[in-house]
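What follows is a single structure, written as structure tokens, with notes after it.
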Amino acid sequence: MLQLQALTAAHWPPVRAIYEQGIATGNATFETQAPTWEAWDQGHLAHSRLVALAPDGTVRGWAALSPVSGRCVYGGVAEISIYIAAEARGQGVGRQLLQALIQESEANGIWTLQAGTFEENAASIGLHTQAGFRVIGHRERIGQHHGV
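Numbering-wise, the numbering used here comes out as the position in the sequence shown, counting from 1, plus 48.
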């Protein structure tokens, strides 16, 4: 049974390792290296940050929200980041994290969540679809991946 708790600086080493696994897949993010804790912390909302812990305390996944804009009219809109350890994928960790993240976001005044997902990332698209998200479009040339 997984335990969900607030993601803190103490979780950063395994959270970073899981993020690096996601980067290595080539279909999770445009980033090519994980940031420092300080940079990650500054780029994500202070609330709605979760880790999923195995009974032995091992971090199996994490989820957090980033603001989509600094403009006040978008203050209730956030982008989801959700990453699952390679050895824990397909075991429902993402579903538990996403459900809890949605509840946390609503409790903190977020009215819209969005996920920018690579079309090759079928697992993430499936996870979000099962949670009630819908595809509203496909964006091209939105970012660079390895210089392209």
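Where is the CB? At the ideal position from N, CA and C, for every residue including glycine. Fair warning: this is a prediction, and the values are worked out from it, not measured in the lab.
At least 3 beta-carbon pairs within less than 8 Å: the region 83–98 vs the region 51–69: Proximity of the region 83–98 to the region 51–69 meets the contact definition, three or more beta-carbon pairs being nearer than 8 Å.
A87 to W60 span [Cα, whole Å]: The count along the sequence shown starts at 1 and reaches residue 87 at position 39. The count along the sequence shown starts at 1 and reaches residue 60 at position 12. If I take the Cα positions, the gap works out to 12 Å.
Nearest candidate by alpha-carbon position, reference R108, set L146, P115, G157 and G142: Translated into positions along the sequence shown, residue 108 becomes position 60. When only C-alpha atoms are compared, the closest one is G142.
Selected residue, minimal CA-CA separation from G185, among C120, E167 and Q69: Here the question's residue 185 lines up with position 137 in the sequence shown. Among C120, E167 and Q69, the Cα nearest to that of G185 is on E167.
Where the beta strand (DSSP E) containing E127 begins and where it ends: Looking up residue 127 in the sequence shown gives position 79. V125 to I132 is the span of the beta strand (DSSP E), which, as asked, contains E127.
Spatial distance of H176 from L52 (CA atoms): For the purposes of this step, residue 176 is identified with residue 128 of the sequence shown, where counting begins at 1. For the purposes of this step, residue 52 is identified with residue 4 of the sequence shown, where counting begins at 1. Between H176 and L52, the C-alpha separation is close to 19 Å.
One or two residues paired with S114 in a DSSP bridge: Within the sequence shown, residue 114 is the residue found at index 66, counting from 1. Answer by DSSP bridge pairing, in chain order: E127.
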